[in-house]
Each structure stands twice: as C-alpha cells, then as structure tokens.
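Peer 1: As numbered in mature numbering (1 follows the signal peptide of the UniProt record, and there is no 0), residues -17 to -1, 1 to 841 make up the sequence shown, in order.
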Amino acid sequence: MHSTSIILLFLAGSVAAMPQAPTGTTAPKSGGFMESLASAMGLDPTGDITSMVCESFSGKSMSGKAIGSMFGSPNGQGPDEQCMVDKSGGSGPYKAHYLADPTLPDHTIYVPESPPPGKLPVIVWGNGFCMKAGTMFANFLNEVASHGFMIIANGPDKGAQLSGQTTYKELIQSIDWVTTNPAAKKYGDIDVSKLAVAGQSCGGLEAVCSLLPPGKSQHQTDGDLIQYQASQDARVKMTALFNSGYIQGSTAKMMASFKNPVAWFLGGPKDIAQKNQGDLDYKNLPDSTPAIKGTIEVGHIGTYYQKYGGKMGKAAVAFFGWKMKGDLEAKKLFCSPTPDSDLVKAGFKFEAKSGIPSLPACMAPKEKENGRIQTESPPEITAITLDGDLVLVIHDEGRHQSFSYRVSSEQVKQASPYFVRLLDPSKFGEGRKIGETLKELRTTYPDIGDAPSNELPKVTIADIGRISKVNTIQNLVADFLKIIHGIEISTPVPPLPNLANLGVVADRFDALPHFSAYAQRKKVYTTIDARSKGKLASLTEERLRQKLLVGLLLDHSPWVATYSKRLIIGGSIQWESDAEVDEELAFWWDMPRGLEAMNAFPTPATEPPPAYSPTAPAPAPVVAPAMSSTSTSAVSDDRYAFLTSFDTVFLIDDSGSMAGRSWRETAKALEAITPICVAHDIDGIDLYFLNEKDNAWYHNITSAATVSEIFSAVRPRGGTPTGQRLNQILKPYLTSLATNSEMKPLNIIVITDGEPSDDVESPIIDAAKKLDKMDAPAWQVGIQFFQVGREPGAREHLRQLDDELAVLAGGEVRDIVDTVPWRGEEDQELNSEGILKVVLGSVNRRLDRKRSKELYRK
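1. Determine the extent of the alpha helix (DSSP H) in which Lys530 is found, giving its start and end residues.
2. Grab me the residues of Ser391's own chain with a C-beta within less than 6 Å of its C-beta, minus the 5 sequence neighbours each way, in chain order.
3. Pick from Gln763, Pro480, Ser240, Asp264: whose alpha carbon is nearest that of Arg528?
4. Beta-carbon within less than 6 Å of Met221's beta-carbon, same chain only, minus the 5 sequence neighbours each way: which residues are those?
5. From this set, Leu373, Val771, Ser399, Arg700, which residue's C-alpha is nearest Tyr388's C-alpha?
6. Can you find at least 3 beta carbon pairs, one from the region 724 to 740 and one from the region 625 to 641, that sit closer than 8 Å?
7. Taking the alpha carbon of Gly794 as the reference point, which residue from Ser645, Ala655, Thr510 has its own alpha carbon closest?
8. For the candidate residues Ser385, Glu419, Val107, whose alpha-carbon lies nearest to that of Gln454?
9. So the alpha helix (DSSP H) Val735 belongs to, where does it begin and stop?
10. Under a Cβ-count criterion, where at least 16 other Cβ atoms within 10 Å of its own Cβ denotes burial, should Gln767 be classed as buried or exposed?
11. Are the beta-carbon atoms of Asn164 and Thr149 separated by less than 8 Å?
12. What is the C-beta distance between Ile92 and Trp108, in whole angstroms, given that I count them as a contact (C-beta under 8 Å)?
13. Given a cut-off of 8 Å, decide if Leu717 and Lys753 are closer than it, judged by their beta-carbon atoms.
14. In angstroms with no decimal places, state the Cα-to-Cα distance between Thr420 and Ala434.
15. Could you have a look at Gln183 and say whether DSSP puts it in helix, strand or coil?
16. Are the CB atoms of Asn730 and Asp630 within a distance shorter than 8 Å?
17. Could you compute how far the alpha carbon of Thr426 sits from the alpha carbon of Val36?
18. Note the first and the last residue of the continuous alpha helix (DSSP H) segment covering Lys651.
19. To the nearest angstrom, how far is it from the Cα of Gly285 to the Cα of Val476?
20. Under the rule that 16 or more other beta-carbon atoms within 10 Å means buried, what is Arg797, buried or exposed?
21. By alpha-carbon positions, which one of Leu495, His497, Asn484, Pro541 ends up nearest to Glu525?
22. Can you tell me which of the three DSSP states Asn683 falls into?
23. Flag this pair as touching only if the region 87 to 107 and the region 55 to 63 have three or more C-beta atom pairs under 8 Å; answer yes or no.
24. State the DSSP-derived secondary structure class of Arg218, mapped to helix, strand or coil.
25. Is Gly765 helix, strand or coil by DSSP?
26. Identify the residues that DSSP records as bridge partners of Leu373: which are they?
27. Can you tell me whether Pro76 is buried or exposed? The criterion is at least 16 other CB atoms within 10 Å of its CB, across all chains shown.
28. Of the residues Lys177, Ala128, Lys276, which one's Cα is nearest the Cα of Val219?
29. Which whole-angstrom value is the C-beta distance of Lys276 and Phe241, which I expect to be below 8 Å?
30. Tell me whether Tyr170 sits in a helix, a strand or coil according to DSSP, three-state version.
31. Where does Asn125 sit, in a helix, a strand or coil, going by DSSP?
32. Spatial neighbours of Lys416 within its chain, please: C-beta separation below 7 Å, excluding the five flanking residues on both sides.
33. At which residues does the beta strand (DSSP E) containing Val94 begin and terminate?
34. Take Asp785 as the anchor and find which of Leu791, Glu779, Val800, Arg778 has the nearest alpha-carbon.
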C-alpha cells in the first residue's frame, strides 16, 4: 500500500464528522467510492490495517508528517506510545483475541480467550470511514475485551472489503445476533442487558443511527428526526462516540432523542470531529441525559494503534467498566478526578451532565432536605455494584451489628434459591414492594444505576447466624456478595479462615454451588495446598477443622479424606475427658463421636525429596549430576561448576518491542553471562531467536565472542512466539530423554522484555508433567526467564510462571521455572550472585529464592 493511502482513508473518514447536505436533503451513497479509491492507489484489501497505518505515519513518510501536523498522528511522544501491531491480548485480567463466527458473517468478535467468571457485557462497534475491516482497531478493541467484555466489530477478521461502506444495519445485525443466537453463549455468560453501541469517526455515526427505528435510512430529513425520540432501540443502554459528531444540521433534535448515557471522546484541536460537531452535539444534549465528554490532544486518528490502544484505550476501559460493570473506582476517574488520577495525568479534560437537572455532574442525590437535593450516598451503604436495584440490610445479632449493601436483585437470585424465594412477589410482600418501588423509581431514573442508594427498596435479613473468629461481618459479607456478582475480591484466594467463613455464609444463603464453582475457577484448593506444602503434620487442630469444613461444604472429597484422617490420627481436645474446649474452635466442625476408633489409617508419604543444592550433599536416594572431569573450570571452589553437567540453551526475544533500551540491556546481560556458560559447556551452547528461521539457529557455540557477533547482526522485529520456540526446543529433547535417561540435563535461559504473544504455559506444564511421569531428577530441565525492560504486566506474568505453575496446571507439577527481572539502570550490571542466579536459578532451588535486589552492583 502506498504511504499516503491510509492517510487519505482517514481524511475521507473524517468527512463523517463534517457538516453535510442542507436540511431536508439526503446524503449521497458512497458505495463505489472505496473501490475507485482502492483502484487509484493500489490498496491491498488483504493487508493488515494496523501495519499500513504505522507505515504511513513512519518517519520515512513526508506526507505522514504533513498530515500529522494538521490532523494528528497515531504515534505519541513517548517510546511506549508508538504505532505498533500489539499481539499481547490486552492488559486486562483476561487475555483477549479476535475471531470470526460462521453464524455472523462479515463481523469480527473480540472476547477473552477463555470465558471469564461473571457477566460479559456487549459492545457493538463501527469502524472509522465506515470501513468493512474488523481488525482496523484491533489493538484498542483487544484491550477493552481483556477487561471482560465482548465486542462485535463490523467487517471480516482478515483484511478489508473495499466494495462499499458499512452502515448502521451491520450494528443492528450484531445486536440481533448476540440477543437471539445461541451461538453467542459459547463465548461466556453474555449479559445482553448491558449492551452499548460505539464507534470511531464515521463508525460513531453508525452507532447513532443504530438507535433509529428499524427500516429507516441512515440519512434522514429534518422532519423525520423528531419522530425518533420515542422509538430508539430499547436493547441499547448506552452510546460511546470516539472522534465523532452527527453530520446533519438538525443535531439539536437528534440529541433530544437520546435518553440513555452518552460519552464523547474527542481529540482536541486537531480532531476535525470535535471542531465541527462533537462539541456542538454535547452542548445540544439535554441536561436530563447523563453524559461525559472527554478531550485529549491526540488529533482525529487518536491513540488506537499504540499498545493497548494508548490513552484512548485507558479511557474506554474506565468508561465501560464504570457504566457496564459498576466499577466505583473507574467512576471516580470521570466524576471526581484529581491531578493524580490516571486519566488526568494522561491529559484528559472532562465535562459531565448528571442526567438530573440542577444537580452537579456525575453526583447522585442523597435525599431532599428543605427542598434541596443533597449529594453523596449514605456512607453506611456499601455499593457491591453501581447499577444495583436493591439494598440488603443484614443483621448480626451476636455482635449487635448491622450492615447495608447495594446489590443486583437479578444477580443474587441467579446465585441463590434463597433469594429467589425471598424476592418472589407471589409469595412474600417484599417481592411485591420491590417491584412497585422500582417501577416508580424508573420514571425518574431510566437507568436505575443513577438512582441514589437510599431511595432503593430494602430487604432486611434478621440475623446471619453464628460466624467464628471475626470481629465484624462487614467485609466478609461484602466479599461473598462480590463473588456471586462475578466481581473480583481483593484477595481472590483468601486465607483459609476467611475461606471457611465465606463457605459458612454461602451455606446460610443457599449459594454453595455458586461458591464452589468460584473455588474451582480460582484453583483455591491447589493454591492453599501449595501454601501449606510440607506442613501437614504440623497443622493445628483449628486449621485441620477449617479445611475439613470447606471440604464438606464444597464437596471437595480430597480435603475431607485427608484432613479428617489427620484429625483422627492426631487426636482432638474434644475427645479428652474433662478437657476445656474452646467453643469457637469446636465450632469449625464438631467431629461425630466414635470416629476416633478409625485412627489406624497410615499417613501417605507425599513429600517430594529435597531439591538439589550444590553447597550440601544430596540425601540418598536422590543423586546429583556428576561433574564433568574434562572442564578446566570444574574445580572444587568454582561456584559455576554445576553448569558442566548441563547443555545450556539461550533463547533471545528479538520481537519489535525489544528495540532500543531492552536490546541494549540484552547485550549487557549476554556480555556477563555467556563467558561463564561457554566455559562450562564442553559441547558449546546453543543460541535461538524467536523470529529467526528454523535453519538460522546456532548450535555448539564455544566462544562468547561468537555469541556477541551473532547478536549484533540481528535486528528486533515481529511478535513474541515464546511458547512456540520453547516447544520446538523441549519436544525433541523430551522424546530423546524418554529412551535415554543418561542425556545431559537441559538449562534454557530466555531473555525477554514482555509477555508472550502465544501460549507459553502449555509447553512448560506439558514438559513438567512428562518429567514427573518419567521420574526424572528435579534438575533435568530448567527454564530461566531473564526479563529486561520495565513492562509490569510481563513481570507479573513471569512471576506467575515462577511461583504459581501448579496453580496454572490445575494440580501439582514440578517447578522448572525461575525468573530474574533486570532492575539495574544503565550504570548497573549483574554481580556474581546475579550471574549465578541467571545461569543456575531454574535448576537450583536455593538460588530460585534469591531476591533480585541482591543481584546488581554499580
């Protein structure tokens, strides 16, 4: 594609934000324009849109610089704000991807790779230039999806269709599909009650027109618009417009038809949509409609092509999190921003309309006092979800406490038959009163989320019952309610006493199946077992009772068998005659009388042998690898002598994100590490790069200078297929090991700056399981991840591989991973302890526990 092509596409798309035909006329169709433009400029409809945008605005393009000076550029100021193809899957808790579904042709679906817990709100998306290209905003849309959303974009998932433009009808197709087609359910628990339309530039106009009655044209006359006030699509709950404004002259009448929340995200002076219509549309929107207008000086093209969609991505995640998931922290970013708020620091300036006349923007009324509306909800009501329609008041008679929580009546009924019965209007008065109160409230607050908590209907639970070992039930009940709403709690795998009490609360509200499913999703049992690994014999009676209680409540038979057996073997104070029994302790689980007669069970030997440490002899029958007598460095005082028994492999991340500082840091790391490794591997080390061709791998290198020479000839480019390369290294090695147990152990050192763009967990877990099945020594394979750069998301991902491999595997597997983050500045380097951890940390548990701050020197 020519360097000017994509720029002209954006400028043509900007026409959508300009004033168009006079009132009463119909805008011309533009179906043939794309084809003629493509033919004239040689557009490649199969190409990657993001790559073309980045190329068009690269430093080589004079036209890109010229256009950027007038309308903005996809490149920001900082090194992390450059146009790029982002294959990370987003920064959210659920790695996202895009795909096509055969039941919805010519659309692209963005969703988490695995269905996340809780509800999945839906956003339908129109592209800039009304282009038929589902991946046109892939960086941006993947970022939003990674935070727990489904997004359906117009256009196919490969390339673009240049025969005509899309209209609002494609968005309606998406809405029809997600609300009626069973195929949508395979992507998660779709919440069609939380459905938004959104789009950029011309795609924003599609979002506006999708709110018009079915069967109407996208281009309407002034007289038609007044009819749409009472006939918008009732399935759509909110609208988000990015660099967009309505093209007709009758914007005031059109804006008057909006009742649900609207957001504009505009690009400042270089955004043609803001100058022509965005500001005017916001001004013409009635004060009775909740609205946000965010402005940031990024021009019309925005930041969508930067990693995670840049600053526009941050704002979109926050807005949809607030309005569609009830995220109170996200609401603060818009409604009560401070100089330290993330979006303010990014450069956003906000205006807001509350949706309630004469009320300060974003604030919810508290109560009427002397005819005046007060602000802020009562502090005693904890908002579990911002759009809750019910307040639960829960008493704890034993502690003389009472706490109130704003919840969703639908969510609590889905999780608990108790609430189904309690809120049934045909059985209890509470259900009838709730329905009547909500009907009346909706005349004032069409979006019940805007209603103040103290005006919502209330249901009182007289007494929650006895809960052990807590001073207050407030946070305990709040965590339980968050779990049944699908909201992350502060500690996803709580400490054992908290878990036991949460189980008790779930039992009281008849919600054990829902809580058990949560425990399975979060791998609670394996995580807690890993925390207490090796401590079974020393567990107190209280801890044994807690695990036994959880096992019984959640029907987890391994805990029931293991800990009832241990309690019987160890005895219980309750079985001793005349013993003082702590009432709180005994409550965890009252052991039935007579079980002490079963105390003949043997204790299984479940403890693995100690990991190898070169500073002490390994206990029999575990045998450490023998030192090679041929290496001149393998002497008694050589702390690296352990390396002589290994084949060392370096795997270097040469993806595009490694360019610059990360590449320089990699060079420094190799300078420190490779001389040690080549000196202790008589066969020579192997060197792999992520993006080099298979026949360009380097084997049996015996000189550090050769490594430096090879490295200097490589230039960072491409993605981060770490999992693919690890599999290509591990698979043949494990195949050979299965028939030859005498093979030298394998020590893989991966130097990378970021999270892989593919599945790295599976080949590692598969290797660990195969090694366990072969009963191979603990040091047979080690994988050391040495992180350069400063990407916190990547650091957390690598930490999970190091510390939570068993959790990721869903059961116990050997630990074959270690990580070392580069924390040094330009003037720092690895000290001897740092080098030792890098080259041996994955096969030596003592070094695995070394703190990274001890590994550097000036």
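Where is the CB? At the ideal position from N, CA and C, for every residue including glycine.
Peer 2: Concretely, from the data shown:
1. 524 to 536
2. Thr368, Gly371
3. Pro480
4. Ala179, Asn243, Pro244, Lys306
5. Checked all of Leu373, Val771, Ser399, Arg700; the closest Cα to Tyr388 is Leu373.
6. yes
7. Thr510
8. It should be noted that the sequence gives Asn, not Gln, for residue 454. It is Ser385.
9. Val is not the amino acid found at residue 735; the sequence shown has Thr there. First-last for Thr735: 729 to 735, but that is the beta strand (DSSP E), not the alpha helix (DSSP H).
10. With 16 or more Cβ atoms within 10 Å of its Cβ, Gln767 is classed as buried.
11. no
12. Incorrect: roughly 10 Å between the Cβ atoms, too far for contact.
13. yes
14. 12 Å
15. strand
16. Less than 8 Å separates the beta-carbon of Asp630 from that of Asn730.
17. Straight-line measurement puts the Cα of Val36 at about 47 Å from the Cα of Thr426.
18. 644 to 662
19. 39 Å
20. Within a 10 Å sphere around the beta-carbon of Arg797 sit 16 or more other beta-carbons, which makes this residue buried.
21. Asn484
22. Residue state, collapsed to three classes: strand.
23. Cβ pair count under 8 Å is below three, so no.
24. The answer is coil: DSSP assigns Arg218 none of H, G, I, E or B.
25. strand
26. Val390.
27. When all chains shown are included, Pro76 counts as exposed.
28. Lys177
29. The pair is not a contact, with the Cβ atoms about 13 Å apart (cut-off 8 Å).
30. helix
31. helix
32. Pro440
33. 90 to 95
34. Val800
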